[in-house]
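Using my numbering, the letters of the sequence shown map in sequence onto residues 847 to 1173. By construction, the Cβ of each residue, glycine as well, lies at the ideal position given by its N, Cα and C atoms. Bear in mind the structure is a predicted one, so any value in this text is a computation, not a measurement.
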Amino acid sequence: MVYAALCLLTLLLVFIPPGLTVTRLACVFSAACLLNFTAFYFFVHISERELRSIRKLINLIRKNKISSPEEIVLPENLYDLQEEIRAMYLRTQNDIDYLKKLERVRTEFLGNVSHELRTPIFAIQGFIETLLDGAINDSKVNMKFLGKAAHHTENLNNLLNDLIDISMIESGEMHLSFRYFRLIDLIKEIIPELLPEAEKKNLKLIVNPFDEKLQILADRNKLRQVFNNLILNAIKYTEEGSVSVIIEADESAARIMIKDTGIGISEKDIPRIFERFYRVDRDRSRAAGGTGLGLAIVKHIIEAHSSKVEVRSTILGGSEFAFRLKH
Ligand SMILES: Nc1ncnc2c1ncn2[C@@H]1O[C@H](COP(=O)(O)OP(=O)(O)OP(=O)(O)O)[C@@H](O)[C@H]1O
Ligand SMILES: [Mg+2]
């Protein structure tokens, strides 16, 4: 109503006879006010409409009723805001997906850990109960059962050590202490410790001759762990032939390679073997006391040395694990 009356007043203004200056001026003033008011009215009106659509959209997002950014639509003149909200929605969605994934990984990790702990604990429990039930007095089996229980205790201990390593590494608590040392000294310490494992399987453990003066920059203890894991793997997954340690140096780096003539790894499994708890042949690995953490630890350690592990392997054609370190 008010709006219509003001419009009428504006029309009258146009038909006021010239000469009535004061009246005319008053009318011009009224018309200006009217126009201002009209403009203001439209402005407020549109803002409210926009606000309503924004509020509606926020409610939809809050109630989780939006399932894709395309469902976020605002009036055309709010295109920039619409795009901003779409981008925000996508970012939040990505954060939520990431948190869900973390939650899944955590649950999976806990499941794997409990499963791996259960295996040796059940075995130890079984042997001890059998011994307590009378087998302790049977000289034919008592030492054998005790030996098996001790073997599983060792597996349990290895698993716990690996878990501690993984959790230290992944929580960023692994501190490396880099220094130069002669690679040959480390190799001379490691090989005699691992030789009995190779001999048990009639495998040759060979270190190809290399420059004995070669010094590398690395964390000695962590590198020892890498050699241990890779050489033990090579022995574990090789039935006949040899395991070789090959070291070559160029101007800036030493290339270290552990090569075996074992069962090999299929192309599809190679990208997964560095995942925690991943084993190509679960039963075979478990029978050998493996939990699938060794290569995950190796990968972390080598990456902490700003390098990466390269794998070349074919089924029945043996495997090569290699990495470079500064010297
Ligand atoms: N040299 C190798 N030849 C063939 N397969 C290998 C070799 N090294 C690793 N693998 C495969 O990769 C998997 C993962 O290796 P990883 O060292 O992480 O675990 P594991 O040896 O099974 O157990 P763990 O090292 O924790 O005792 C192994 O289970 C095995 O299937
Ligand atoms: Mg291993």
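Using a Cβ-Cβ cut-off of 7 Å (strictly less than) and excluding sequence neighbours within five positions of residue i, which residues of its own chain qualify?
| i | result |
| --- | --- |
| Val868 | Confidence at Val868 is low in this model, with a pLDDT of 47, below 50, so the placement of that residue should be treated as unreliable; the coordinate-derived value is given next. So the list is empty, once near-sequence residues are dropped. |
| Pro915 | Arg932, Tyr935, Leu936 |
| Ile1147 | Lys1068, Gln1071, Val1072 |
| Ile918 | Leu903, Ile912, Gln928, Ile931, Arg932, Tyr935 |
| His1173 | Leu1060, Gln1061, Ile1062, Leu1063, Ala1095, Ala1099, Ala1100 |
Is residue i near ligand 1, going by C-beta to nearest heavy atom under 6 Å?
| i | result |
| --- | --- |
| Gly1140 | yes |
| Val1178 | The requested residue 1178 is not part of the displayed model; the chain covers only 847 to 1173. |
| Ile1111 | yes |
| Ala1133 | no |
| Ile1102 | no |
| Ile1119 | yes |
Quick one: what's got a C-beta closer than 6 Å to residue i's C-beta in the same chain, skipping five residues either side?
| i | result |
| --- | --- |
| Ile1143 | Asp1011 |
| Ala1150 | Leu1022 |
| Thr884 | Low per-residue confidence applies at Thr884: pLDDT is 49, beneath 50, and the placement is therefore not dependable enough to give any value. |
| Glu1019 | none |
| Leu1141 | Ile1119, Phe1120 |
| Thr1160 | Gly1110 |
| Leu871 | Note that Leu871 scores 44 on pLDDT, short of 50, meaning its location in the model is unreliable; the coordinates nonetheless yield the value given after this. Around Leu871: no qualifying Cβ. |
| Asn1075 | Gly1140, Val1144 |
| Gly1108 | Tyr1083, Thr1084, Gly1164 |
| Ile1015 | His1146 |
| Tyr1124 | Arg1118, Gly1138 |
| Ala1080 | Val1089, Ile1104, Asp1106 |
| Ala1050 | One point to set straight first is that residue 1050 is Lys, not Ala, in the sequence displayed. Same-chain partners within the cutoff: Ser1088. |
| Gly1135 | Asn1001 |
Quick one: using the 10 Å Cβ neighbour count with 16 as the cut-off for buried, is residue i buried or exposed?
| i | result |
| --- | --- |
| Phe886 | The predicted position of Phe886 is uncertain, since its pLDDT is 48 and thus under 50; a value taken from the coordinates is nonetheless stated next. Exposed: under 16 other Cβ atoms inside 10 Å. |
| Ser1165 | buried |
| Gln971 | exposed |
| Lys909 | exposed |
| Ser960 | exposed |
| Thr1137 | buried |
| Thr953 | exposed |
| Ile942 | exposed |
| Glu1156 | exposed |
| Val1089 | buried |
| Val1091 | buried |
| Phe1167 | buried |
| Ala1095 | buried |
| Phe1169 | buried |
| Gly984 | It is worth fixing the name first, because residue 984 is Asp in this sequence and not Gly. Classification for Asp984: exposed. |
| Asp1129 | exposed |
| Leu906 | exposed |
| Leu1171 | buried |
Examine ligand 2 and report whether any of its heavy atoms sits within less than 6 Å of the Cβ of residue i.
| i | result |
| --- | --- |
| Gly957 | no |
| Gly1108 | no |
| Gly1136 | yes |
| Asn1079 | yes |
How would you write the range of the beta strand (DSSP E) that residue i sits in, first residue to last?
| i | result |
| --- | --- |
| Ser1159 | 1156-1159 |
| Ser1165 | 1165-1172 |
| Val1089 | 1088-1095 |
| Leu1063 | 1061-1064 |
| Val1053 | 1050-1053 |
Could you pull out every residue in the same chain whose Cβ sits closer than 8 Å to the Cβ of residue i, ignoring the five residues on either side in sequence?
| i | result |
| --- | --- |
| Arg1028 | Glu1058, Lys1059, Leu1060, Gln1061 |
| Lys994 | Ala969, Phe973 |
| Leu1032 | Arg1066, Leu1069, Arg1070, Phe1073 |
| Glu896 | Leu920, Pro921, Asn923, Leu924 |
| Val1126 | Ile1111, Ser1112, Asp1115, Ile1119 |
| Pro1055 | none |
At which residues does the alpha helix (DSSP H) containing residue i begin and terminate?
| i | result |
| --- | --- |
| Asp1106 | Premise fails: Asp1106 lies in the beta strand (DSSP E), 1099-1106, not in any alpha helix (DSSP H). |
| Glu1240 | No answer is possible for residue 1240: it lies beyond the span of the chain, which begins at 847 and ends at 1173. |
| Ile1119 | Taken as a continuous stretch (DSSP letters only), Ile1119 belongs to no alpha helix (DSSP H), as it is neither H nor E. |
| Arg932 | 925-978 |
| Met1014 | 988-1016 |
| Glu1144 | Residue identity check: residue 1144 is Val in the sequence provided, not Glu. Where Val1144 is concerned, the enclosing alpha helix (DSSP H) stretches over 1140-1150. |
Taking one C-beta from the segment 1053-1065 and one from the segment 998-1011 each time, how about it: are there three or more such pairs within less than 8 Å?
no
Below 8 Å, how does it come out for the segment 1090-1102 and the segment 948-968: are there three or more Cβ pairs, yes or no?
no
Does the segment 1083-1090 come close enough to the segment 1038-1054 that 3 or more CB-CB pairs lie under 8 Å?
yes
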